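Undergrad:
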Amino acid sequence: MYTKNFINPCPDWATALLNGFSQVLLLRNPLCGLCCLLAILLTAPNLVGGALLGALAGLLTAQRRGYERADRQAGLYCYNGVLIGILISAVLPWSAILPPLIIAAGGLSSMLTHQWRKRGGKLLIAYTAPFVLLGWATLLLVEPSANGLVDADPVYALLRGVGQVFLLDKPMAGLLIVIGMYFANPYAATWAVIGSAIGGGVALLAGDAQGAWLGLYGFNAALAALAFSRQGEKPWVSLLAIACALMLTPLFNLLPIAGLTAPFVVACWLMHLGGHLAQFNQRRNAPRLHS
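Position in the sequence shown (first residue = 1) + 6 = the numbering used here.
1. So, with DSSP's three-state summary, where would you put VAL148?
2. Comparing alpha-carbon positions, which option in ILE183, GLY221, ALA249 and ARG290 lies nearest ASN35?
3. What do you get for LEU32, buried or exposed, if any count of 16 or more other CB atoms within 10 angstroms of its CB means buried?
4. In terms of residue numbering, what span does the alpha helix (DSSP H) encompassing ARG70 cover?
5. Out of GLY186, ILE185 and ALA163, state which residue places its alpha-carbon closest to the alpha-carbon of ASP175.
6. Can you tell which of LEU104, ASP159 and ALA268 has the C-alpha that lies nearest to the C-alpha of GLY207?
7. When the Cβ atoms of the region 50-69 are set against those of the region 82-96, are three or more pairs found closer than 8 Å?
8. Which same chain residues end up closer than 7 Å to ALA227 when comparing Cβ atoms and leaving out the 5 residues on each side of it in sequence?
9. Could you work out which residue in ASN153, GLY167 and GLY180 is closest to CYS42 when comparing CA atoms only?
10. Determine the DSSP secondary structure at CYS250, reduced to helix, strand or coil.
11. Closer than 7 Å by C-beta to ILE185: which residues in its own chain qualify, once you throw out the five before and the five after it? Chain order, please.
12. Determine, using beta carbons only, whether LEU145 and ILE90 come nearer to each other than 9 Å.
13. Within a Cβ cutoff of 7 Å, which residues of the same chain sit near ALA198, ignoring the five residues on either side of it in sequence?
14. Less than 9 Å between the C-beta atoms of ASP157 and GLN79, yes or no?
15. Can you have a look at VAL30 and say buried or exposed, based on whether 16 or more other CB atoms are within 10 angstroms of its CB?
16. Give, in chain order, every unbroken run of the beta strand (DSSP E) that is at least 3 residues long and sits entirely within the region 178-228.
17. Which term fits GLN121, buried or exposed, when burial requires 16 or more other beta carbons within 10 angstroms of its beta carbon?
18. Using 10 angstroms around the beta-carbon of LEU261, count the other beta-carbons present and answer buried if the total reaches 16, otherwise exposed.
19. Whole angstroms is fine: what's the gap from THR119's alpha carbon to GLU74's?
20. Could you say which of TRP100, VAL161, THR21 and GLY281 lies nearest to ALA61 if we only look at CA atoms?
21. Have a look at SER244 and VAL161 and give me their C-alpha separation to the nearest angstrom.
22. With DSSP collapsed to three states, give me the class of PRO262.
23. Going by DSSP in three states, ALA132 sits in which element: helix, strand or coil?
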């Protein structure tokens with residue numbers, strides 16, 4: 007236990023970094039984070055350096071600016087850095103400027119996350135919004151590339167839907183991430199798999215078979231399911247979150263650049279807004295019921 011007299015900028019860097027990887031999935035569990043790191047290392051080793059560098063930049067920035075130690079240790083200032091580091095490594099060719107760019111983006115994501123946590127309140131929770139904004143700025147610098155062809159396998163599509171949370175399209179990556187989620191929270195992990203499966207099914211019904219097999223409709227649905235199932239909420243809430251994310255996905259697909267996790271973020275904001283309005287109406291109607 008840490009006391010006020012014990013001065014230590016970061017109690018355990020390894021734990022904080024691994025928590026940062028698991029926080030991409032809205033979970034805090036070093037073992038889950040390790041599985042996510044292994045998923046990147048084994049299926050896309052060219053991206054692991056960017057992921058670690060982005061996470062470390064976010065953590066160092068949070069430490070340097072004196073953000074809450076408990077929040078740093080929980081990985082709350084690392085996970086957007088993980089994602090932006092992966093994205094930059096994936097879409098930009100290697101050059102001497104790439105590591106400084108990832109460091110700058112990871113640090114900026116940490117500052118954006120902090121400001122969002124201060125000003126967003128309970129309705130506009132940060133989630134991966136800093137990554138989305140920085141990711142869009144990155145994608146504007148590169149030409150869009152066509153998605154590759156993959157086998158039409160439902161199980162692989164389901165796993166890809168989970169793996170795409172980390173921009174990974176290999177089934178093994180999805181499997182390792184699912185295993186990590188089950189270590190952290192079996193109930194939430196099950197809902198993430200359900201969300202990915204529903205997303206793939208909806209894509210097939212909509213006629214986008216390639217998007218379904220690539221898991222491009224699964225990852226936002228999986229994240230939305232994770233957001234509303236971590237505390238064991240009622241199933242209909244998670245289903246509504248999945249449906250909201252899937253309805254928003256085609257809208258963000260109209261953008262000239264990839265929507266990334268924006269459908270998930272906006273879906274969660276709408277869910278929180280709806281819950282807030284429902285509670286407000288209940289409080290307003292309560293006096294009438296008792297009068």
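The beta-carbon is built from N, C-alpha and C at its ideal position, and this holds for glycine as well.
Predicted, not measured: the structure shown is a model, and the values here were computed from it.
TA: Short version:
1. One-based indexing of the sequence shown puts residue 148 at position 142. Of the three classes helix, strand and coil, the one that applies to VAL148 here is coil, per DSSP.
2. Locating residue 35 in the sequence shown gives position 29, counting from the first residue. For ASN35, the closest alpha carbon among the candidates ILE183, GLY221, ALA249 and ARG290 is that of ILE183.
3. Residue mapping note: residue 32 aligns to position 26 of the sequence shown, counting from 1. Label assigned to LEU32: buried.
4. Reading the sequence shown from its first residue, position 64 is the one you call residue 70. From DSSP, the alpha helix (DSSP H) with ARG70 extends over 51-70.
5. Here residue 175 refers to the residue found at position 169 when the sequence shown is read from its first residue. The alpha carbon of ASP175 has as its nearest neighbour, out of GLY186, ILE185 and ALA163, the alpha carbon of ALA163.
6. Against the sequence shown, residue 207 aligns to sequence position 201. With distances taken between Cα atoms, GLY207 lies closest to ASP159.
7. Contact between the region 50-69 and the region 82-96 is present, because at least three Cβ pairs lie under 8 Å.
8. For the purposes of this step, residue 227 is identified with residue 221 of the sequence shown, where counting begins at 1. Excluding residues within five positions, the ones whose Cβ falls inside 7 Å are GLY201, SER202, ILE204, GLY205, ILE248, ALA251 and LEU252.
9. Taking the sequence shown and counting its residues from 1, one reaches residue 42 at position 36. For the residues ASN153, GLY167 and GLY180, the minimum Cα distance to CYS42 belongs to GLY180.
10. Looking up residue 250 in the sequence shown gives position 244. Of the three classes helix, strand and coil, the one that applies to CYS250 here is helix, per DSSP.
11. Residue mapping note: residue 185 aligns to position 179 of the sequence shown, counting from 1. Shown here for ILE185: same chain residues with a beta carbon closer than 7 Å to its own, the five before and five after excluded, namely CYS41 in chain order.
12. On the sequence shown, position 139 is the one that residue 145 refers to. On the sequence shown, position 84 is the one that residue 90 refers to. Against a cut-off of 9 Å, the Cβ pair of ILE90 and LEU145 comes out as no contact.
13. As a position in the sequence shown, residue 198 is number 192, starting the count at 1. So the qualifying residues of the chain are VAL168, MET187, ALA228, ALA231 and LEU232.
14. Your numbering for residue 157 matches position 151 in the sequence shown. Your numbering for residue 79 matches position 73 in the sequence shown. Result no, Cβ atoms of ASP157 and GLN79 do not sit closer than 9 Å.
15. As a working note, residue 30 is residue 24 in the sequence shown. It is buried - the Cβ of VAL30 has at least 16 other Cβ atoms within 10 Å.
16. Runs of the beta strand (DSSP E) inside the region 178-228: none found.
17. Taking the sequence shown and counting its residues from 1, one reaches residue 121 at position 115. So GLN121 counts as exposed.
18. Numbered from its first residue, the sequence shown carries residue 261 at position 255. The residue is exposed, with fewer than 16 neighbouring Cβ atoms inside 10 Å.
19. Here residue 119 refers to the residue found at position 113 of the sequence shown. Here residue 74 refers to the residue found at position 68 of the sequence shown. Separation of THR119 and GLU74 (C-alpha to C-alpha, rounded to the nearest whole angstrom) is 13 Å.
20. As a position in the sequence shown, residue 61 is number 55, starting the count at 1. That would be THR21, whose Cα lies nearest to the Cα of ALA61.
21. The residue labelled residue 244 in the question sits at position 238 within the sequence shown. The residue labelled residue 161 in the question sits at position 155 within the sequence shown. Between the alpha carbons of SER244 and VAL161 lies a gap of roughly 22 Å.
22. Counting from 1 along the sequence shown, the entry for residue 262 is found at position 256. Residue state, collapsed to three classes: coil.
23. The residue given as residue 132 occupies position 126 in the sequence shown. Correct three-state label for ALA132: coil.
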